[in-house]
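Residue numbers (the numbering used here): 579 to 708.
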């Protein structure tokens with residue numbers, strides 16, 4: 579790999595956030611050129627990681643948080659209301675169903691901080707302390 583994913587990502591976000599660009603048409607040209615650069619450096623296999631990092635940099639740059647809500651089943655009205663305490667206006671919310679949680683909920687903020695109230699987590703704590 580010629581450059582680390584975070585280097586590509588930071589460069590992409592900086593170019594896209596440049597206020598000197600005149601129209602949205604520039605975005606398509608920038609994307610095309612960026613993809614050509616990644617291919618030329620034989621780093622196309624890492625494109626998913628690069629784009630994930632770019633999304634993270636863009637959220638930090640704009641002050642938007644990513645909130646991932648994982649639950650064993652679809653959230654009911656009472657659970658949605660409880661989760662709303664963690665969510666601020668403008669947050670990007672990603673809801674996922676993960677049957678491995680057994681029951682409960684896991685909330686992840688910006689892919690960094692986590693509240694894990696799942697039954698799986700509680701069982702793991704009981705088994706590890708035994």
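Heads up, the beta-carbon is just placed ideally off N, CA and C, and yes, glycines get one too.
Validate contact between the region 643-659 and the region 670-689 using beta carbons, cut 8 Å, 3 pairs: yes
Contacting residues, own chain, Cβ-Cβ under 7 Å from residue 642 (five flanking each side not counted): Taking the first residue of the chain shown as position 1, residue 642 is located at position 64. Taken in chain order, the residues that qualify are 668, 669 and 670.
Stretch-stretch touch, CB-based, cutoff 8 Å, three pairs: the region 613-620 with the region 657-667: no
Continuous beta strand (DSSP E) stretch holding residue 665: start and end: If you number the chain shown from 1, residue 665 lands on position 87. Taken as a continuous stretch (DSSP letters only), residue 665 belongs to no beta strand (DSSP E), as it is neither H nor E.
Residue environment, residue 707, which counts as buried when at least 16 other CB atoms sit within 10 Å: Translated into positions along the chain shown, residue 707 becomes position 129. Classification of residue 707: exposed, given that the 10 Å Cβ count is below 16.
Per DSSP, the bridge partner or partners of residue 642: Start at 1 with the first residue of the chain shown, and residue 642 comes out as number 64. None, per the DSSP bridge assignment.
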